[in-house]
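Counting with our numbering, you get residues 8 to 272 for the letters of the sequence shown. By construction, the Cβ of each residue, glycine as well, lies at the ideal position given by its N, Cα and C atoms. Computed from a predicted structure; not experimentally measured. Notes follow the structure.
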Amino acid sequence: MTSFQTRGATLDYDVAGTTGPLVVQLHGLTSSRERDGQLGLNLARALRGHRILRYDARGHGRSTGTLDEADYAWPRLADDLLALLDHVAPGERVHGVGPSMGTGTLLHAAVKDPDRFESLTLVTPPTAWKSRAEQREIYLANAALVEQEGVAAFVEQGSTAPSPPALADAPETSIAVRQTLLPTVMRGAATTDLPKKKTIGAVEVPTLVLAWSGDRSHPLTTAHQLHTRMPRSRIVVARTPYGIMAWPGLFAEFITTVDKGELLA
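In structure tokens, the structure reads:
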């Protein structure tokens, strides 16, 4: 494992492979690269001939964090991503893939530095715009719950929430944020949103949107709006665990197509 220091945090990362284009893989809120692998969301596992950069976002997994809520807003996480890319692959165009919070981070990074990305794969896009208000209140309530009753109460509450059909066979996993940081991380998530729709529409890199159904925290409305707004995108929706099992192959095919210059119209 290797680490990189930026803005008061140490990001833990690893790079698999020594040759080929770089793919950077992100993860979701309260998760980590290890936990996403357990959930079947290590989408780069079927890709060959590439270098794969995976890292834990600040405050998650093996990375350290700060007690500043603003540091966990997606534009700030995008700054972390771009700084890490400058460190690992200065000047290179890269393929980006990430679920939920990872999608938010990638979109803000692509808006800030569109020439940095060869492609984007946006996985289970989160609530955004109008639907973000309700999710914001949930995050704030969860932060208060952790402070008052501890992380175990938060985990128990999550265990009773309905899961999307595509995760019916997913194993049980633990959250990957320390209790001392979790309220700050949640409040940071409550402050943030995707870039404005008009701004997203100007991101012209080839984009694959991978969504699943039946999840209020990752609604299909966001996925379809991204697909509609982004001029060079396609969308695939998983409605069963078999749908998620197909994602690594779809991702590998997409990246290979982009690398060959067979760009989406």
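For this session: Compare the Cα-Cα distances from glutamine 45 to each of Ile182, Val130, Trp136 and report the closest residue.
Result: Against the sequence shown, residue 45 aligns to sequence position 38. The shortest C-alpha separation from glutamine 45 is found at Ile182.
Problem set entry | Secondary structure of serine 38, DSSP reduced to three states | Working through the sequence shown from its first residue, we reach residue 38 at position 31. Note: serine 38 maps to coil in three-state DSSP.
For this session: Note down, one range per segment and in chain order, each alpha helix (DSSP H) of at least 4 residues found wholly within the region 22-93.
Result: 40-45
For this session: Leaving aside the five residues before and after asparagine 149 along the sequence, list all residues of the same chain whose C-beta is less than 7 Å from its C-beta, in chain order.
Result: Translated into positions along the sequence shown, residue 149 becomes position 142. Correct list, in chain order: Phe161, Met193.
Problem set entry | Cβ separation of threonine 131 and phenylalanine 261, assumed to be a contact under 8 Å, to the nearest whole Å | Your numbering for residue 131 matches position 124 in the sequence shown. Your numbering for residue 261 matches position 254 in the sequence shown. Not really, about 16 Å apart at Cβ, beyond 8 Å.
For this session: Kindly provide the ranges of any alpha helix (DSSP H) runs that are 4 or more residues long and lie completely inside the region 108-171, ordered along the chain.
Result: 108-119, 139-156, 158-166
For this session: Return the CA-CA distance between lysine 267 and phenylalanine 124, expressed in angstroms with no decimal places.
Result: Taking the first residue of the sequence shown as position 1, residue 267 is located at position 260. Taking the first residue of the sequence shown as position 1, residue 124 is located at position 117. Whole-angstrom Cα-Cα distance: 15 Å.
Exercise. Going by DSSP, which residues form a beta bridge with isoleucine 242?
Worked result: For the purposes of this step, residue 242 is taken as the residue at position 235 of the sequence shown. Answer is Val216, bridged to isoleucine 242.
For this session: Please determine, among Ala64, Gly68, Pro190, the residue with the shortest C-alpha to C-alpha distance to leucine 152.
Result: Here the question's residue 152 lines up with position 145 in the sequence shown. For the residues Ala64, Gly68, Pro190, the minimum Cα distance to leucine 152 belongs to Pro190.
Exercise. What do you get for methionine 252, buried or exposed, if any count of 16 or more other CB atoms within 10 angstroms of its CB means buried?
Worked result: Counting from one through the sequence shown, the residue named residue 252 turns up at place 245. The residue in question, methionine 252, is exposed, as its Cβ has fewer than 16 Cβ neighbours within 10 Å.
Problem set entry | Pairwise C-alpha distance: proline 226 and proline 172 | Here residue 172 corresponds to residue number 165 of the sequence shown, with the count starting at 1. Here residue 226 corresponds to residue number 219 of the sequence shown, with the count starting at 1. For proline 172 and proline 226, the distance between alpha carbons rounds to 13 Å.
Problem set entry | Beta-carbon proximity list for leucine 92, same chain, < 7 Å, skipping 5 on both sides | Walking along the sequence shown from the start, residue 92 turns up at place 85. Result list for leucine 92: Val31, Val101, Arg123, in chain order.
Problem set entry | alanine 259 vs tryptophan 219 beta-carbon contact at 7 Å | Taking the first residue of the sequence shown as position 1, residue 259 is located at position 252. Taking the first residue of the sequence shown as position 1, residue 219 is located at position 212. No; because the gap between Cβ atoms is not below 7 Å, this pair is not in contact.
Exercise. Where arginine 55 and alanine 117 are concerned, what is the direct C-alpha to C-alpha distance, given to the nearest angstrom?
Worked result: To locate residue 55, count along the sequence shown from 1; it is residue 48. To locate residue 117, count along the sequence shown from 1; it is residue 110. Straight-line Cα distance between these residues: approximately 24 Å.
For this session: Compute the distance between the beta-carbons of alanine 135 and histidine 115, then report whether it is under 7 Å.
Result: As a position in the sequence shown, residue 135 is number 128, starting the count at 1. As a position in the sequence shown, residue 115 is number 108, starting the count at 1. Going by C-beta atoms, alanine 135 is not nearer than 7 Å to histidine 115.
Exercise. So which of Ala90, Ala177, Leu74, Arg185 has the shortest CA-CA distance to leucine 48?
Worked result: Indexing the sequence shown from 1 puts residue 48 at position 41. Nearest option by C-alpha distance: Ala177.
Exercise. Short check: CB of serine 240 to CB of valine 216, under 7 Å?
Worked result: Sequence index remark: in the sequence shown, residue 240 carries index 233 (1-based). Sequence index remark: in the sequence shown, residue 216 carries index 209 (1-based). In this structure, valine 216 lies closer than 7 Å to serine 240 by Cβ.
Exercise. Between which two residues does the beta strand (DSSP E) carrying proline 106 extend?
Worked result: Sequence index remark: in the sequence shown, residue 106 carries index 99 (1-based). Run containing proline 106: 101-106, per the beta strand (DSSP E) assignment.
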